[in-house]
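Undergrad:
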RNA sequence: CGGAGUGUGGCUCAGUCUGGUAGAGCACCGCGUUCGGGACGCGGGGGUCGCAGGUUCAAAUCCUGCCACUCCGACCA
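In the numbering used here, the protein residues as written are 531 to 969.
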C-alpha cells in the first residue's frame, strides 16, 4: 500500500477524551473514530489489525474442532423470555421495538439463539460433540463506557458454544477451548493467564478468565511467578487426546486469581519471592454451565440408551476488539505502538526519504515489489513529508520493521533497516535487508 | 446509577467572571526556501460559539430548559 493513496489520519495532538495509553495511541494512529459513547468507527489501519486478530482466533478455533457460523445482531425477545434472562439482564440490554411492536434486542451474547438453533436440528448423541462459534458485533449498554475499545458498548466478540452428551464430555470440550485460548493469545504475542473466575450472569460453576498482564489493567491480579514460565501448547497439540494434564498444569499448580476471588490465605502459601501482584485485562472467558439453558429451552438429545436428556453446554468468549487495546497496553513505548508481527497491520514500513529522486524512487520500487512478493505487506511512505515527520509517524503506527531508503545511503550502496521493538538499526545493502526481513 | 466537569474551525485550547461585529498554535490550500528524527517565510480558506427559549439597543458571555461528551465511584467481553 502506498501511503499517498491510503487513508491514515494521524493526530499530532492527543484528543482530550482519551485517558489510557491504548485509547490515545489508537486515536493518534488513525485507527479509530468515536461516533458516540462507547461506539467506534474502525478506520483502515484499525480495521486491518482487527481482521488479523480475527483470523488468528478463527484459525485456532477451527484447529480445535469448532465450526464457524454467523448469527444476527438482533434477536427476538421471546427467545430470551424462554431462558428467563430477558428480565434478568437489566438495562445493559439494548431493547428495540420494530414497526409491528415486536420486542427485539441487540444481542449482548448468544446462548439462547445458539440453543434454539441446536434444538431445531440435533436430536441424537451421534451428532456430538459439537462446537459452534461466530465472530459478531455485540452490544451491552454500559452505564459508563470508557477506555476506548477496552470498554465500548458495541464490541466485536468471538463466542463459541459446545454441546455434549454428558458432563465428562462437556469438560473435555471445555479443555479443548481452554487449550485453544492459550494458543490464541500466545500467537498474538500476549501473556494471557487463565484464572479462576466467577461466572456472573452466564451461569455455571466451571469458569476461567484469561487475563493479559498490563500495568494499566482494569483489575488487580495475584499470581505465582512460575505460571508465567509454563509452556504454551504447540501447533501439534492433539485435540483428540486427553488435554486434562495441560489444563491441570495451568489451573492447579500455581496460584492465580483476580481480586474478585482472591484468597489471601492461599496466596500466602506461595513463596514470597514467587508472589506477584499485578494488573490485568480480561480478554477471554470460558464457562461450562451444563444444562442451564438446554433444560429450560428444551434442547434435548437422546443417548445410546434412547433416553432424552438436556445437552451439556459451555460457552467461550474472546473480546476481539478489546484485544487491540490489550495488545497496545502490553506493547508500546513513548513513541507509539509496537505491534507483534502476527497482528501488525502492515509488515514493513518502507520510507522514501526523497521521493522524486530517480535513484531513491528506483530503489524504493524495487524494495516495494520484493516485500510484496515476500508477503510482507509493505506500507510505502512515498509522500513529500520531511524525514523527521515520516520517522515519527512510522514509530507511532508501530510496524515491526522500517526500511529507510535515502540518497545518502544509496550513494554508499546501503539502506537502513530498523526493528521497531528494539530500535536496533542495521546499515546494509538492500538485498541484505530484504533477506533479514524475509527470515 | 450517585458525584464532578466540559461543549468555541479537523485537533489542542484562550475568550465567558466584568455583554459591544470570534482569536492563537497545530492541521489544510498556494508560492518560495528547505529536506537523514515532527522545518521556515509570505499569502489564503474554513466557525449557526452543543440545541431551544428568555433578558437586552446588543449574547460565545447573563437566565431557564434540554442534549451530548468526559472524569471519579459503584458495575461489566
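The beta-carbon is built from N, C-alpha and C at its ideal position, and this holds for glycine as well.
#1: Starting from residue 931, follow the beta strand (DSSP E) in both directions and report where the run begins and ends.
#2: When the Cα of residue 609 is compared with those of 695, 641, 586, 626, which residue comes out closest?
#3: In angstroms with no decimal places, state the Cα-to-Cα distance between residue 532 and residue 938.
#4: Kindly indicate the opening and closing residues of the beta strand (DSSP E) around residue 542.
#5: Residues in the same chain with beta-carbon distance under 7 Å from residue 824, minus the five sequence neighbours each way, listed in chain order, please.
#6: At the level of alpha carbons, what is the spacing between residue 936 and residue 871?
#7: Out of 763, 879, 924, state which residue places its alpha-carbon closest to the alpha-carbon of residue 778.
#8: Could you give the first and the last residue of the continuous alpha helix (DSSP H) run that contains residue 715?
#9: Is DSSP giving residue 616 helix, strand or coil here?
#10: Closest to residue 800 by C-alpha separation, out of 835, 827, 757, would be which residue?
#11: Taking buried to mean at least 16 other C-beta atoms within 10 Å of its own C-beta, is residue 803 buried or exposed?
#12: Can you tell me the Cα-Cα spacing of residue 883 and residue 890, whole angstroms?
#13: Roughly how many angstroms lie between the CA atoms of residue 906 and residue 783, to the nearest whole one?
#14: Just grab the DSSP bridge partners of residue 639 for me.
#15: For the segment 828-840 against the segment 891-901, do three or more pairs of beta-carbon atoms, one drawn from each stretch, fall closer than 8 Å, so that the two count as touching?
#16: Could you spell out the range, first to last residue, of the alpha helix (DSSP H) harbouring residue 582?
#17: Kindly indicate which three-state DSSP category residue 553 falls into: helix, strand or coil?
#18: With a threshold of 8 Å, are at least 3 pairs of Cβ atoms found where one atom belongs to the segment 673-684 and the other to the segment 648-660?
#19: With a cut-off of 8 Å on the beta carbons, I'd call residue 548 and residue 678 a contact; round off their distance for me.
#20: May I have the straight-line CA-CA distance separating residue 948 from residue 683, to the nearest angstrom?
#21: Report back the beta-carbon spacing between residue 540 and residue 596 to the nearest angstrom; my notes put them in contact at under 8 Å.
#22: In chain order, what are the residue ranges of uninterrupted beta strand (DSSP E) at least 3 long that sit wholly in the segment 850-929?
#23: For residue 927 versus residue 562, is the C-beta distance shorter than 8 Å?
#24: Taking C-beta to C-beta, are residue 826 and residue 614 nearer than 8 Å?
#25: Residue 717: which of 934, 544, 917, 853 sits nearest, CA to CA?
#26: I need the boundaries of the alpha helix (DSSP H) containing residue 776, first residue and last residue.
#27: Could you check how far apart the C-beta atoms of residue 720 and residue 780 are, in whole angstroms? I think they sit under 8 Å.
#28: Using DSSP with H/G/I as helix, E/B as strand and the rest coil, what is residue 847?
#29: Are the CB atoms of residue 791 and residue 755 nearer to each other than 8 Å?
#30: Measuring alpha carbon to alpha carbon, tell me which of 611, 602, 593, 696 ends up nearest residue 837.
#31: Under the rule that 16 or more other beta-carbon atoms within 10 Å means buried, what is residue 856, buried or exposed?
#32: Looking at the strands, I want to know which residues DSSP matches up with residue 804.
#33: Output the distance between the C-alpha atoms of residue 742 and residue 814, rounded to the nearest integer angstrom.
#34: Looking only at C-alpha atoms, which of 598, 546, 860 sits nearest to residue 691?
#35: Quick check on the burial criterion: 16 or more other C-beta atoms within 10 angstroms. Buried or exposed for residue 908?
TA: Straight from the coordinates:
#1: Along the first chain, read from residue 1 onward, the residue named residue 931 stands at position 401. Run containing residue 931: 931-935, per the beta strand (DSSP E) assignment.
#2: Numbered from its first residue, the first chain carries residue 609 at position 79. Minimum Cα distance to residue 609 is reached at 641.
#3: The residue given as residue 532 occupies position 2 in the first chain. The residue given as residue 938 occupies position 408 in the first chain. Approximately 23 Å between the Cα atoms of the pair.
#4: Translated into the one-based positions of the first chain, residue 542 becomes position 12. That residue, residue 542, is in no beta strand (DSSP E); it is neither H nor E in DSSP.
#5: Here residue 824 refers to the residue found at position 294 when the first chain is read from its first residue. Only 645, 840, 841, 843 meet the Cβ criterion.
#6: For the purposes of this step, residue 936 is taken as the residue at position 406 of the first chain. For the purposes of this step, residue 871 is taken as the residue at position 341 of the first chain. Going by the C-alpha atoms only, they are around 25 Å apart.
#7: The count along the first chain starts at 1 and reaches residue 778 at position 248. The option with the nearest alpha carbon to residue 778 is 763.
#8: Residue numbering aside, residue 715 sits at position 185 when the first chain is read from its first letter. It spans 697-717 - the alpha helix (DSSP H) in which residue 715 sits, taken as one unbroken run.
#9: Translated into positions along the first chain, residue 616 becomes position 86. Helix, per DSSP.
#10: As a working note, residue 800 is residue 270 in the first chain. Among 835, 827, 757, the Cα nearest to that of residue 800 belongs to 757.
#11: Here residue 803 is taken as the residue at index 273 of the first chain, counted from 1. The residue in question, residue 803, is exposed, as its Cβ has fewer than 16 Cβ neighbours within 10 Å.
#12: Here residue 883 corresponds to residue number 353 of the first chain, with the count starting at 1. Here residue 890 corresponds to residue number 360 of the first chain, with the count starting at 1. When rounded, the distance between both Cα atoms is 8 Å.
#13: Within the first chain, residue 906 is the residue found at index 376, counting from 1. Within the first chain, residue 783 is the residue found at index 253, counting from 1. Near 40 Å, if we compare the C-alpha coordinates of residue 783 and residue 906.
#14: Here residue 639 refers to the residue found at position 109 of the first chain. Paired residue(s): none; residue 639 is not in a bridge.
#15: no
#16: As a first step, residue 582 is located in the first chain; it is residue number 52 there, counting from the start. That run of the alpha helix (DSSP H) goes 574-593.
#17: Here residue 553 refers to the residue found at position 23 when the first chain is read from its first residue. Here residue 553 sits in helix by DSSP.
#18: no
#19: Taking the first residue of the first chain as position 1, residue 548 is located at position 18. Taking the first residue of the first chain as position 1, residue 678 is located at position 148. So it is a contact: roughly 7 Å between Cβ atoms.
#20: Along the first chain, read from residue 1 onward, the residue named residue 948 stands at position 418. Along the first chain, read from residue 1 onward, the residue named residue 683 stands at position 153. Approximately 38 Å, taken between the alpha carbons.
#21: Residue 540 sits at position 10 when you count from the first residue of the first chain. Residue 596 sits at position 66 when you count from the first residue of the first chain. Incorrect: roughly 38 Å between the Cβ atoms, too far for contact.
#22: 878-882, 908-911
#23: Counting from 1 along the first chain, the entry for residue 927 is found at position 397. Counting from 1 along the first chain, the entry for residue 562 is found at position 32. Result no, Cβ atoms of residue 927 and residue 562 do not sit closer than 8 Å.
#24: Position 296 of the first chain holds residue 826. Position 84 of the first chain holds residue 614. Their beta carbons are under 8 Å apart, which means residue 826 touches residue 614 by this criterion.
#25: On the first chain, position 187 is the one that residue 717 refers to. It is 853.
#26: Translated into the one-based positions of the first chain, residue 776 becomes position 246. 774-782 is the span of the alpha helix (DSSP H), which, as asked, contains residue 776.
#27: One-based indexing of the first chain puts residue 720 at position 190. One-based indexing of the first chain puts residue 780 at position 250. Actually they do not touch by this definition, with Cβ atoms about 15 Å apart.
#28: Translated into positions along the first chain, residue 847 becomes position 317. Of the three classes helix, strand and coil, the one that applies to residue 847 here is strand, per DSSP.
#29: Along the first chain, one-based indexing puts residue 791 at 261. Along the first chain, one-based indexing puts residue 755 at 225. No. Outside cutoff.
#30: Counting from 1 along the first chain, the entry for residue 837 is found at position 307. Among 611, 602, 593, 696, the Cα nearest to that of residue 837 is on 696.
#31: Translated into positions along the first chain, residue 856 becomes position 326. When all chains shown are included, residue 856 counts as buried.
#32: Here residue 804 is taken as the residue at index 274 of the first chain, counted from 1. For residue 804, which the question treats as bridged, DSSP gives no partner whatsoever.
#33: Here residue 742 refers to the residue found at position 212 of the first chain. Here residue 814 refers to the residue found at position 284 of the first chain. Taking the straight line from one Cα to the other gives about 9 Å.
#34: Position 161 of the first chain, counting from 1, holds the residue named residue 691. Among 598, 546, 860, the Cα nearest to that of residue 691 is on 598.
#35: Counting from one through the first chain, the residue named residue 908 turns up at place 378. Per the 10 Å Cβ criterion, buried.
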